[in-house]
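Written below as structure tokens is the structure these notes are about.
Residue numbers (the working numbering): 2 to 373.
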């Protein structure tokens with residue numbers, strides 16, 4: 002009987018530790034769920050050493066258990082077969098694994114993971130989803146279901162969260178290979194949110210709203226293009242009033258974009274909206290309710306302004322980018338003002354400008370021409 006500590010290389014330089022049992026010519030592996038991270042610095046190396054020490058202690062404990070069984074010490078009646086890990090462990094439930102993932106996931110888009118799990122249950126119509134059912138065909142059909150039941154780029158967003166959970170299972174040796182590998186997720190190039198024209202924004206500005214902070218924040222976004230997450234946490238210290246300039250770290254892209262820090266010039270209207278309630282540096286600029294309640298207020302306000310469009314808070318950002326391009330800003334300038342890392346994200350607004358130009362031309366009246 003022999004037990005050795007083994008290592009399996011995972012993606013991104015990670016290593017999974019396991020125990021390799023050898024008994025009567027048969028071998029059995031037991032993954033410990035201990036993952037070593039790439040040793041990039043002293044802290045990660047120290048952490049890895051601690052994990053290896055724990056794995057060795059587990060190995061020593063197992064060896065003692067087997068020796069006790071062999072010599073029947075301390076009235077132990079277990080056999081080697083009783084102590085060996087079962088070759089057919091109970092197949093984990095993916096719903097439970099997603100719920101466990103949610104417990105440790107604390108990012109702002111946590112609700113997307115919850116929504117993804119809800120749609121997965123609606124798709125399968127089953128109380129349990131064994132990980133062995135997660136084949137490539139299953140994943141493709143789930144993506145098709147999301148596209149059939151949801152609009153715009155929402156299906157892609159949900160499927161990305163689904164892929165995150167799948168990758169976690171692959172990393173923990175619960176699934177192999179990754180069933181989502183090779184599945185293409187084509188996003189819509191066009192802007193799927195409604196756009197407000199300058200005329201409609203002016204109409205909103207003179208229409209009463211039940212919450213003035215929501216009104217002020219939305220109009221400010223229409224004139225600077227900030228996302229809800231950045232508007233919500235914006236502080237007065239982020240704004241240089243003498244130079245009419247705003248500097249923030251964009252929350253959505255701060256972990257992966259080279260242009261996460263946004264330096265934004267503010268126009269006269271944006272500054273006026275900020276100065277209506279100027280406070281101390283550490284204070285938030287806007288005192289806003291929850292996002293869902295903000296949308297309800299926004300919906301009533303838009304309806305009161307007699308604008309027949311489905312407007313969400315993110316429409317303000319799309320409107321800002323579209324309107325500055327319609328007023329002559331080139332695509333590179335628009336990308337910089339929007340905080341896009343490349344112009345690829347800004348190109349989807351070009352076709353809207355073309356449509357607006359066509360509508361402007363079509364708005365000219367017909368005339369009747371007579372010749373001699």
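For glycine and all other residues, C-beta sits at the position ideal for the given N, C-alpha and C.
Note that this is a predicted model, so its numbers are computed, not measured.
query: When the Cα atoms are used, what is the spatial distance from residue 109 to residue 231?; result: 12 Å
query: From the DSSP output, in three-state form, read off residue 243 for me.; result: coil
query: Along the chain, where does the alpha helix (DSSP H) containing residue 301 start, and where does it finish?; result: 292-305
query: DSSP three-state label for residue 107, please.; result: coil
query: Figure out for me which residue from 3, 31, 127 and 51 has the closest Cα to the Cα of residue 67.; result: 3
query: With residue 223 and residue 305 assumed to form a contact (beta carbons below 8 Å), what rounded beta-carbon distance in angstroms separates them?; result: About 17 Å; that fails the 8 Å criterion.
query: Over what stretch of residues does the beta strand (DSSP E) that includes residue 266 continue unbroken?; result: 262-266
query: Is it buried or exposed for residue 153, if we count other Cβ within 10 angstroms and need 16 for buried?; result: exposed
query: Would you check if the distance between the CB atom of residue 15 and the CB atom of residue 37 is smaller than 8 Å?; result: yes
query: In this structure, how does DSSP classify residue 249 when only helix, strand and coil are distinguished?; result: strand
query: What does DSSP give as the partner residue(s) for residue 94 in the beta ladder?; result: 131
query: Looking only at DSSP bridge pairs, what is residue 30 linked to?; result: 21
query: Mapping DSSP to helix, strand and coil, what is residue 184?; result: coil
query: So, helix, strand or coil for residue 374, using DSSP?; result: Past the boundaries of the shown model lies residue 374; the chain is included only from 2 to 373, so the question cannot be answered.
query: Taking 8 Å as the threshold (C-beta atoms), are residue 130 and residue 95 in contact?; result: yes
query: For residue 377, which of helix, strand or coil comes out of DSSP?; result: Missing from the structure shown is residue 377; the chain here goes from 2 to 373 and no further.
query: So, do the segment 208-216 and the segment 38-49 have three or more beta carbon pairs nearer to each other than 8 Å?; result: no
query: So, helix, strand or coil for residue 3, using DSSP?; result: strand
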